[in-house]
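Notes for the one structure printed next.
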Amino acid sequence: MRPPKIPESVLVVIHTAELEVLLIERADRPGYWQSVTGSKDRIDEPLTETAVREVLEETGIRVGSAEVPLDRLRDWQLSNVYEIYPVWRHRYAEGVTHNTEHVFGLRVPRDIPVVLAPREHLQHVWLPYREAADRCFSPSNAEAVLQLPNFLSSDS
């Protein structure tokens, strides 16, 4: 049996300099589109490490490579506390109902290859940021995507 998930996670808005956003469709909930998300693996895991790991696991994009240097990953210093959807609460310790999500931006080249983890995601799409926000199932994800223009200069 897996240990309970830690209720602290990252949301990584992967985007291009032209404000296109990468969204991925959940395999366990077809029709649910989102940015890269994931919980810490251990309490003391630094958030940047969580973000780098989740981006690699979910998209195959290697942050820290020549194509995507580590300085392209930016902590936007935004956090959301939200109620965990009941359908996913069984993954957490009993009584845990809320998660703290830390938002990052990652600027990548538009032609970067995306290799999804097939057990987690069905397909991906690049969309202009407003259209991407409209497609996100999570309100906090949609809000983060809408914040992209405010952070673009710091992601450059």
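Counting in my numbering, the sequence shown runs from 959 upward without gaps.
Beta carbons: idealized from backbone N, C-alpha and C, even for Gly.
Checklist line | Reduced DSSP category for R1000 - H, G, I as helix; E, B as strand; rest coil | finding: coil
Checklist line | Distance CB(A1009)-CB(V968) smaller than 7 Å | finding: Taking 7 Å as the Cβ cut-off, A1009 and V968 qualify as a contacting pair.
Item checked: Rounded separation between P962 and E1007 - CA only -> Spanning the two alpha carbons is a distance of roughly 19 Å.
Next item on the list: With DSSP as the reference, label D1033 as helix, strand or coil.
Entry: Reduced to three states, the DSSP call for D1033 is strand.
Notebook entry, point to check: Using the rule of at least 16 other Cβ atoms within 10 Å of the residue's Cβ for burial, across every protein chain shown, is L1106 buried or exposed?
Noted result: buried
Notebook entry, point to check: Okay, do the segment 1061-1070 and the segment 1017-1029 touch, 3+ Cβ pairs below 8 Å being the bar?
Noted result: yes
Checklist line | DSSP bridge partner residues for I982 (one or two, in chain order) | finding: Q992, H1082
Item checked: Per-residue burial, Q1035 [other beta carbons within 10 Å of its own, 16 or more giving buried] -> exposed
Notebook entry, point to check: Does DSSP classify S1098 as helix, strand or coil?
Noted result: In the structure shown, S1098 sits in a helix (DSSP, three-state: H, G or I).
Item checked: Distance between Y1087 and L977 (C-alpha atoms, nearest Å) -> 6 Å
Checklist line | R1093 to L1031 span [Cα, whole Å] | finding: 23 Å
Note to self: Is it buried or exposed, A1102, if we count other Cβ atoms within 10 angstroms and call 16 or more buried?
What the structure shows: buried
Margin query: Tell me the rounded alpha-carbon separation between V1083 and L981.
Written below: Annotation: V1083 to L981 spans about 5 Å, alpha carbon to alpha carbon.
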